[in-house]
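Participant: Residue numbers (UniProt numbering): 1 to 454. Every residue gets a Cβ at the ideal spot worked out from N, C-alpha and C, and that includes glycine. Computed from a prediction, not measured in an experiment: that's the story for all the values here.
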């Protein structure tokens with residue numbers, strides 16, 4: 001018999017008096033995925049602290065175990081004993097990534113150059129997401145793909161006897177595609193090169209160098225980055241790999257503090273990599289009071305504490321070229337824009353159409369349900385704000401199993417005139433298991449309403 005599907009968990013946010021105190025968000029999801037993968041490929045032990053223990057990252061850890069790595073928790077740290085580059089084992093069962101798009105796509109790159117078969121499966125949300133942008137360069141390297149129509153999960157990869165190194169120019173700005181090709185290149189003879197016309201988050205490059213890969217980055221006359229990795233080298237474990245706080249998770253208490261009157265919040269230990277700070281840059285342009293304090297280095301990345309106070313925001317134009325540095329933050333930026341004076345125009349949002357949900361459509365529907373004036377197109381969104389929140393709220397938001405849609409609209413409810421309900425909050429655990437407790441500790445008013453009416 002099939003197990004009964006789990007019941008949805010609707011959550012309601014009500015207008016808060018103010019938010020105050022200090023908070024520390026979970027470890028960065030992008031870095032956590034890569035730390036487990038490269039630790040699994042390294043010869044020797046990697047000790048990771050600050051790892052995000054969300055469902056997405058744990059799914060990646062399970063996949064690495066299935067291919068031979070030993071991964072165990074040791075107090076506050078995680079210990080990864082790797083198999084060595086080129087020595088992954090063929091998994092005996094399908095690799096189940098749940099909702100983890102980053103984990104699935106990067107692992108496809110990791111195994112796509114191996115002469116064995118690996119089957120990838122995921123939850124209904126992940127199974128709707130296109131994988132072709134990762135599979136296309138893997139096919140050029142000799143990988144065979146058996147997939148459903150549209151290159152969606154479930155799918156099976158079988159790498160070639162010897163992978164072919166390639167020079168691949170990214171057709172779109174995508175750190176996932178870049179990373180997948182570089183990871184495949186680790187098991188290919190010679191040099192694999194990715195040409196990146198628009199810079200995206202560079203965690204893979206930094207971590208490959210940290211684990212001992214021979215990698216170079218050059219910028220050509222046109223401004224494109226050329227990233228080259230030498231394959232079949234030796235990777236070594238890292239004795240103390242520190243994962244800084246996730247700026248995408250920090251975005252939720254950050255925006256909440258800006259829009260809830262009287263708020264004064266410090267968000268500690270946030271990653272400040274310049275490829276990830278587009279939201280902070282945009283909010284400061286909107287008039288946000290955000291002070292970066294205690295700048296320091298952790299795990300080869302710059303981190304700092306964000307001191308955030310309630311602010312009078314104004315609408316701005318957000319250029320398309322900023323999208324790669326804040327693509328996951330547009331839903332919560334739309335919430336900030338709902339409380340800004342005037343119009344906020346966001347462009348270059350096409351990538352939102354192929355996230356955990358069609359995020360652009362989901363944001364527009366959520367704004368409509370809660371009385372926020374807006375217009376949306378194929379790759380743009382314009383939000384007309386109302387600083388006092390009058391008339392906002394009262395609606396129920398369809399999350400489409402998307403954690404960022406759920407958290408963004410719960411933030412809206414903390415400052416709107418009427419409560420905001422999201423239809424299901426279960427998937428928040430994929431990236432930010434502590435979200436509800438953290439926001440409540442700061443003074444947020446969020447309630448699980450799944451028991452109402454039963």
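Excluding five sequence neighbours on each side, which residues of the same chain lie with their C-beta closer than 6 Å to the C-beta of residue 351?
Facilitator: 327
Participant: Here's a check: name, in chain order, each residue in its chain whose Cβ is nearer than 7 Å to the Cβ of residue 169, leaving out the five neighbours to either side.
Facilitator: Hits under 7 Å: 195.
Participant: Look up residue 234 in the DSSP assignment and give the residues it is bridged to.
Facilitator: BP columns for residue 234 are empty, so no partner.
Participant: Give me the Cα-Cα distance between residue 66 and residue 362, rounded to the nearest whole angstrom.
Facilitator: Rounded to the nearest angstrom, the two C-alpha atoms are 35 Å apart.
Participant: Residue 261 to residue 90, Cα distance in whole Å?
Facilitator: So the alpha carbons of these two residues sit roughly 55 Å apart.
Participant: Roughly how many angstroms lie between the CA atoms of residue 421 and residue 182, to the nearest whole one?
Facilitator: Residue 421 and residue 182 have their alpha carbons spaced roughly 42 Å apart.
Participant: Report yes if the C-beta distance between residue 188 and residue 164 is below 8 Å; otherwise report no.
Facilitator: Contact flag set, yes.
Participant: Taking DSSP as the reference, what is the three-state secondary structure of residue 21?
Facilitator: In this structure, residue 21 counts as strand in the three-state DSSP scheme.
Participant: At the level of alpha carbons, what is the spacing between residue 137 and residue 434?
Facilitator: Near 37 Å, if we compare the C-alpha coordinates of residue 434 and residue 137.
Participant: Could you compute how far the alpha carbon of residue 23 sits from the alpha carbon of residue 340?
Facilitator: 25 Å
Participant: Would you say residue 156 and residue 202 are within 8 Å of each other, going by their C-beta atoms?
Facilitator: No, the pair does not count as a contact, with Cβ atoms beyond the cut-off.
Participant: Measure how close the beta-carbons of residue 271 and residue 247 come, nearest whole angstrom, since I'm counting them as under 8 Å.
Facilitator: 5 Å
Participant: Expressed to the nearest angstrom, what Euclidean distance is found between the alpha-carbon atoms of residue 383 and residue 114?
Facilitator: 47 Å
Participant: Which residue's Cα is closest to the Cα of residue 100: 447, 130, 190 and 241?
Facilitator: 130
Participant: Could you say which of 193, 294, 135 and 86 lies nearest to residue 219 if we only look at CA atoms?
Facilitator: 193
Participant: Going by DSSP, name the residue or residues bridged to residue 74.
Facilitator: 77
Participant: Would the beta-carbon of residue 442 be found less than 7 Å away from any heavy atom of the ligand HEM?
Facilitator: No copy of the ligand HEM occurs in the structure displayed, which carries no ligand at all.
Participant: For residue 427, count neighbouring Cβ atoms within 10 angstroms of its own Cβ and tell me buried if that reaches 16, exposed if not.
Facilitator: Residue 427 should be labelled buried.
Participant: For residue 295, does the count of other Cβ atoms within 10 angstroms reach 16, so buried, or fall short, so exposed?
Facilitator: exposed
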